[in-house]
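Visitor:
Spelled out as structure tokens, the structure:
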């Protein structure tokens, strides 16, 4: 019997005087700890812990008049209580992950006896912004004053529930066959983008000439799945409303007989069994029912995956996979340190495969220790020749691209909750690797496929991957990923089609390796979820052509001011932005935020704009609507002076480099409209030199969302 089992029933209990809290709200509650039969010795202690991924406010103990204050007391008035936490200068983790957030109470001057009570009163404490069925206050006790803590066998908990609805979201498939009925989703979300699961009612649906729709539909648990029948070949957007709220869907492209359909997935996240939120069944259910995904994966850090949980992952992916409906991939994240190879997402085609861990850091069973592999090169050697794919990932331990296996590692991740990492695909292509691109969330908040940053460590909305496949089966999606028939987005369901033509004939699509004897033509077709700012055409890591859509001809003007980039490649990548702008000889008529989820980061008053933001590779910014095109925008950003005449601002970005890892401020003109954009074009490639040429495109939208195609790898005729 171990130490925990020997004493856990003698260390007391805890209770909470509330059982629910609204996400992101400020609450008052009392946590009571009742001392067990062991008591607590003088100089013993108590830990109060929360999950490391929770964005609940850090408690403070110094100012009772300020928010997030925690007062503490005991029925034993002789006991003195001292507290150690983040607000008092504590550095590092309070406890081992995932319970790394919290504080420690230290008792002195007397001992605590059985049935004594310790009270912790939380005042105006901000709850976490995402929903959780069992938000735990995990209590650990040091009864013998040895600094060896014991965990209460039953944690006290409350449920985090959604706030009132503030947003309506409409999600449909991206490409459908003309003669097939399809289903789309309408859902309500609160201000933190949690589905309003307690609401029932009726959505109104706007009439559409392209598809046959009901005029309204009942919804339960905050959502409705609605059937629609195409009436013609075209592209449509579906509009839904609820009271004063309205929303428009992603583009739905209806074709007579498309070669490939578009299936959306998020391959990367974790549930509460490791470092995530809510259990693995809730995790996949959310992805399917509320994120409206076709494909999902589970990527728990290997060093926290017990054999029991590995079996559970496999059982759950098998249960959720239904051909034609939903595909769930078994897998894990190999989580070695960067010098050993760095994080790799491992996806298996089938269940029942082994897990090769980078370590047993948080796994206390060692019967399979010989299966550990200490470098990613050794990992590649352990894998079978077929049925497994790895994806290079940028997270806490970014992938070391000096280690690579072209037959196993088929993609790199360019966007996630951690940020945007274009440098990753650039580095891979410069090394000559033939890889595609994917995006995901690496979500830890239980919202796979719809992962918002909230107020925590992650600063970016999670990404999505679109797989081009002829059917929704695990085999077809795996094949699409293997052959790089996929594109990545920052979370918007943008339609993108990139093909290669020769003599007017289609010879390949994104991801293909092609031999071209003459000058090929790249054909691009895209429908946005917002107006399109531009299409950037890349050869390896270099922009070789940029295409802009025409803008409105008017005296009024919309100017986009965006800041992006990171400090470094690793975990401490946050790049801080601080500045202000003042407008003269004009007036700002309106302002829109771009990826600014905490509106306090950007403020506007009396023609003055103040920014105080953070980027981790992604993009933040604002769109300023001016009453006229003249005037001067002048200010200072990160100690750099900037002065621009508005009439000199065009669609071509004015770029101000700020150091770090591609950190920059950009100012350029964008559309006055918010109607989703469309662009179709052909670009001939001339005078290709000898060698392999990776060609891909990037879509930049007005609302800040982006998409990247996987490269087409062209071998020029001089290389045949």
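In the numbering used here, the protein residues as written are 269 to 988.
We put the CB at the ideal spot given by N, CA and C, even for glycine.
What you are looking at is a predicted structure, and each value in this text was computed from that prediction instead of being measured.
(1) Within the continuous beta strand (DSSP E) that includes residue 922, where are the two ends?
(2) To the nearest whole angstrom, what separates the beta carbons of residue 853 and residue 822, a pair I think is in contact under 8 Å?
(3) Taking residue 300 and residue 723 to be in contact with their CB atoms under 8 Å, please state how far apart those CB atoms are, rounded to whole angstroms.
(4) Check each candidate in 806, 800 and 650 and name the one with the smallest Cα separation from residue 973.
(5) In angstroms with no decimal places, state the Cα-to-Cα distance between residue 574 and residue 634.
(6) Do you know offhand how far residue 873's Cα is from residue 849's?
(7) What is the rounded straight-line gap between the Cα of residue 592 and the Cα of residue 843?
(8) Using a threshold of 7 Å, state whether the C-beta atoms of residue 967 and residue 811 are closer than that.
(9) So residue 742 is in the alpha helix (DSSP H); what residue range does that whole segment cover?
(10) From 667, 657 and 697, pick the residue whose C-alpha is nearest to that of residue 747; which is it?
(11) In this structure, how does DSSP classify residue 567 when only helix, strand and coil are distinguished?
(12) Leaving aside the five residues before and after residue 679 along the sequence, list all residues of the same chain whose C-beta is less than 8 Å from its C-beta, in chain order.
(13) For residue 805 and residue 813, what's the separation of their Cα atoms in angstroms?
(14) Does the Cβ of residue 683 have 16 or more other Cβ atoms within 10 Å, making it buried, or fewer, making it exposed?
(15) Grab the span of the beta strand (DSSP E) containing residue 520 for me, first residue to last.
(16) Who are residue 754's beta bridge partners in DSSP?
(17) Within this structure, are the beta carbons of residue 626 and residue 604 separated by less than 7 Å?
(18) State the beta-bridge partners of residue 947 as determined by DSSP.
(19) I need the straight-line Cα distance from residue 687 to residue 342, nearest angstrom please.
(20) My output table needs one value for residue 348: the three-state DSSP class, helix, strand or coil.
(21) Going by alpha carbons, who is nearest to residue 344 out of 476, 631 and 381?
(22) In terms of alpha-carbon separation, which member of 948, 915 and 834 lies closest to residue 925?
(23) Does the beta carbon of residue 345 come closer than 7 Å to any beta carbon on chain D?
(24) Kindly indicate the opening and closing residues of the beta strand (DSSP E) around residue 975.
(25) Check whether the stretch 493-510 and the stretch 530-541 touch, using three or more Cβ-Cβ pairs below 8 Å as the test.
(26) Residue 971 and residue 244 - do their beta-carbons sit closer together than 7 Å?
(27) How big is the Cα-Cα spacing for residue 273 and residue 632?
(28) Hey, could you find the ends of the alpha helix (DSSP H) residue 646 is sitting in?
(29) List the endpoints of the continuous beta strand (DSSP E) containing residue 826.
(30) Any idea if residue 640 is buried or exposed, counting beta-carbon neighbours within 10 angstroms, 16 or more meaning buried?
(31) Any chance you could list the beta strand (DSSP E) runs of at least 3 consecutive residues sitting entirely within the stretch 397-423, in chain order?
(32) With which residues is residue 909 paired in a DSSP beta bridge?
(33) Pick from 306, 898, 739 and 807: whose alpha carbon is nearest that of residue 445?
(34) Between residue 421 and the rest of its own chain, which residues show a CB-CB distance below 7 Å, the 5 nearest in sequence each way excluded?
(35) Can you give me the Cβ contacts of residue 984 inside the same chain, cut-off strictly under 8 Å, excluding the 5 residues immediately before and after it?
(36) Starting from the Cα of residue 758, find the closest Cα among 712, 690, 952 and 456 and give me that residue.
Guide: Judging by the given coordinates:
(1) 922-925
(2) Contact doesn't hold; Cβ gap of about 18 Å is too wide.
(3) Not a contact, Cβ separation roughly 28 Å.
(4) 800
(5) 10 Å
(6) 11 Å
(7) 43 Å
(8) no
(9) 742-750
(10) 657
(11) coil
(12) 657, 659, 660, 703, 704, 705, 706, 749, 752, 754 and 978
(13) 5 Å
(14) buried
(15) 520-523
(16) 735
(17) yes
(18) 794
(19) 45 Å
(20) strand
(21) 381
(22) 834
(23) Protein chain content of the structure displayed is limited to a single chain, and chain D is not contained in it.
(24) 974-977
(25) no
(26) As shown, the chain starts at 269 and ends at 988. That puts residue 244 outside it, with no answer to give.
(27) 15 Å
(28) 644-650
(29) 825-834
(30) buried
(31) 400-410
(32) 904
(33) 739
(34) 276 and 277
(35) 784, 956, 957, 958, 959 and 961
(36) 690
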